[in-house]
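J.: Residues -21 to -1, 1 to 125 in mature numbering (1 follows the signal peptide of the UniProt record, and there is no 0) are what the sequence shown lists, from first letter to last.
Pasting a structure here, questions to come.
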Amino acid sequence: MRKKRIIIMFIALTLVLSSCKSDIKVAIPDYEQLKTRLEKKGYEVETFNRFNVDQKEYEIVRLYAENKDDFIDICWDVKEGHEDIMNYYKVYEDDYNHLVNINNTIFCCTKKAMKDSKIKLADIKPPKIDVPKIDVPKIDVDVTIN
């Protein structure tokens, strides 16, 4: 009986811990929305259809926008080269506050550029799992010591 209870508790704990992975809810504007939004905020916007890094070339949709010390560099439709692009951005990590790689979109930006672009990133709490109670029968034992 005790062995069965331990197995059930182990399974329940495994389920709870496996669901603790935090997902990220993302709202990233599309290329046209972001370009228009940032130009209205005074950013100088450049667009590219390729990303060259480490003598490799990746076809992507890329937008780089800068306004004084604030900037965003974002790539949509990244089908290959995720690691190369991320490594490229990591070289400049002192210049930005956010580096994100999610859903085939990679970007780095300052806090103000993130706010101006209206990109939303929010942690989603993992779902709460109700572990069923197990009724363990009580056993009355009379112990007599002679």
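We put the beta carbon where it would ideally sit given N, CA and C, even for glycine.
#1: I need the straight-line Cα distance from A92 to K20, nearest angstrom please.
#2: DSSP three-state label for D73, please.
#3: With K117 as the anchor, note down where its beta strand (DSSP E) starts and where it stops.
#4: Would DSSP call residue 173 helix, strand or coil?
#5: Excluding five sequence neighbours on each side, which residues of the same chain lie with their C-beta closer than 6 Å to the C-beta of E18?
#6: Got a sec? Which residues, its chain only, sit under 7 Å from H77 by beta carbon, not counting five neighbours each side?
#7: Taking Cβ positions, are I51 and I85 nearer each other than 7 Å?
#8: Are there 16 or more other CB atoms within 10 angstroms of the CB of V70, so buried, or fewer, so exposed?
#9: From what residue to what residue does the beta strand (DSSP E) around K35 run?
#10: Take the Cβ of I81 as the centre, count every other Cβ of all protein chains shown within 10 Å, and call the residue buried at 16 or more, exposed below.
#11: Between residue 177 and D74, what straight-line distance do the alpha-carbon atoms span, to the nearest angstrom?
#12: For I39, is the classification buried or exposed, using 16 other Cβ atoms within 10 angstroms of its Cβ as the cut-off for buried?
#13: Rounded to whole angstroms, what's the CA-CA distance from R16 to D114? Just pull it up for me.
#14: Tell me, which residues are paired with K99 by DSSP?
#15: Measure the alpha-carbon distance for F30 versus K112 and round it to whole angstroms.
T.: Taking the geometry as given:
#1: Distance from the CA atom of A92 to the CA atom of K20, rounded to whole angstroms, is 10 Å.
#2: Correct three-state label for D73: helix.
#3: Premise fails: K117 is in no beta strand (DSSP E) and is neither H nor E.
#4: For residue 173 there is no data in the structure shown, the boundaries of the chain being -21 and 125.
#5: The answer, listed in chain order, is V24.
#6: The beta carbon of H77 lies closer than 7 Å to those of C87, C88 and M93 in the same chain, with the five residues before and after it left out.
#7: Between I51 and I85, the gap from beta carbon to beta carbon reaches 7 Å or more.
#8: V70 is exposed by the Cβ-count criterion.
#9: Following the DSSP letters along the chain, one finds K35 inside the beta strand (DSSP E) bounded by residues K35 to N46.
#10: Exposed, by the Cβ-count rule.
#11: One cannot answer for residue 177 here, as it falls past the ends of the chain, which runs -21 to 125.
#12: Result: buried.
#13: Each residue's alpha carbon lies about 59 Å from the other.
#14: As a beta-bridge residue in DSSP terms, K99 pairs with A6.
#15: About 55 Å.
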